[in-house]
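Asker: After the structure tokens below, expect a handful of questions from me.
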Amino acid sequence: MVFAALALAAHSPLLAQSDVTGKQLRSISAPSAAPDFRLQDMESRPHTLSDFEDRVVLVNFWATWCPPCRKEMPALQRLSRRLGAENFEVVAINVAEDAERAGRFLDSLPEQPTFTVLLDPDAAVARDWGVKVLPTTWVVDRETRRILGAVGEVDFDSAALREQLQALIAGHPVADATEPR
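According to my numbering, the stretch in the sequence shown is residues 24 to 204, in order.
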């Protein structure tokens with residue numbers, strides 16, 4: 024099984040990024056419109072980016088074979104629980120895997136995600152969003168512009184990251200997160 028996951032990762036156009044730890048979200052110098060999508064969730068219900076209109080949306084692209092993606096999932100749940108209000112949404116998009124494989128992984132977590140998990144079985148949405156490495160995370164503002172992003176593992180438990188997102192949710196200008204020294 025491990026060999027199969029490594030073979031899949033080696034032949035996939037998307038690579039796992041495991042050497043970047045504690046990375047923060049960075050401001051996008053020229054915010055751009057986030058491409059809309061139409062994907063199904065784990066219960067085969069369709070969703071679009073437009074469904075989350077008027078909310079700040081954290082979009083995380085992940086796969087079960089990606090070690091940092093697997094590590095991030097519980098932290099995404101904690102972030103969703105801490106900030107999840109009517110003005111914020113976490114959306115995790117599984118890339119190039121089927122519902123059965125993604126579901127087995129989600130079932131193995133200590134706490135089931137309460138945020139939206141979508142399936143991108145042919146990686147078309149990942150390509151539209153310019154994803155080349157997993158995990159990749161984007162934050163979309165209320166005007167559906169990508170304004171923050173990170174390639175590789177992000178520390179979603181970081182107090183600085185939560186403050187960054189809370190400011191954005193409150194309508195304040197976005198800034199890079201900084202940890203106290």
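Even for Gly, the Cβ is constructed at its ideal location relative to N, Cα and C.
Under 8 Å by Cβ, that's how I've got Trp88 and Glu95 pegged, so tell me the actual separation to the nearest angstrom.
Answerer: The residue given as residue 88 occupies position 65 in the sequence shown. The residue given as residue 95 occupies position 72 in the sequence shown. No, Trp88 and Glu95 are not in contact; Cβ-Cβ is about 14 Å, not under 8 Å.
Asker: Could you tell me the distance, in whole angstroms, from the CA atom of Gly45 to the CA atom of Val177?
Answerer: Mapped onto the sequence shown, residue 45 falls at position 22. Mapped onto the sequence shown, residue 177 falls at position 154. For Gly45, the predicted model reports a pLDDT of 41, less than 50, meaning its position is unreliable; a value from the coordinates is still stated below. Going by the C-alpha atoms only, they are around 5 Å apart.
Asker: Just verifying my parser: in three-state terms, what is the DSSP assignment at Gln187?
Answerer: Taking the first residue of the sequence shown as position 1, residue 187 is located at position 164. Correct three-state label for Gln187: helix.
Asker: Quick check: what's the CA-CA separation for Val163 versus Pro144?
Answerer: Taking the first residue of the sequence shown as position 1, residue 163 is located at position 140. Taking the first residue of the sequence shown as position 1, residue 144 is located at position 121. Answer to the nearest angstrom: the Cα atoms are 22 Å apart.
Asker: Between which two residues does the beta strand (DSSP E) holding Asp64 run?
Answerer: Start at 1 with the first residue of the sequence shown, and residue 64 comes out as number 41. Residues 61 to 64.
Asker: Let me know the secondary structure DSSP gives Phe179 once reduced to three states.
Answerer: Along the sequence shown, one-based indexing puts residue 179 at 156. In this structure, Phe179 counts as coil in the three-state DSSP scheme.
Asker: Quick check on the burial criterion: 16 or more other C-beta atoms within 10 angstroms. Buried or exposed for Glu112?
Answerer: Translated into the one-based positions of the sequence shown, residue 112 becomes position 89. Glu112 is buried by the Cβ-count criterion.
Asker: Given this structure, state the Cα-to-Cα distance separating Thr139 from Phe60, to the nearest angstrom.
Answerer: The residue given as residue 139 occupies position 116 in the sequence shown. The residue given as residue 60 occupies position 37 in the sequence shown. Cα to Cα, the separation comes out at about 14 Å.
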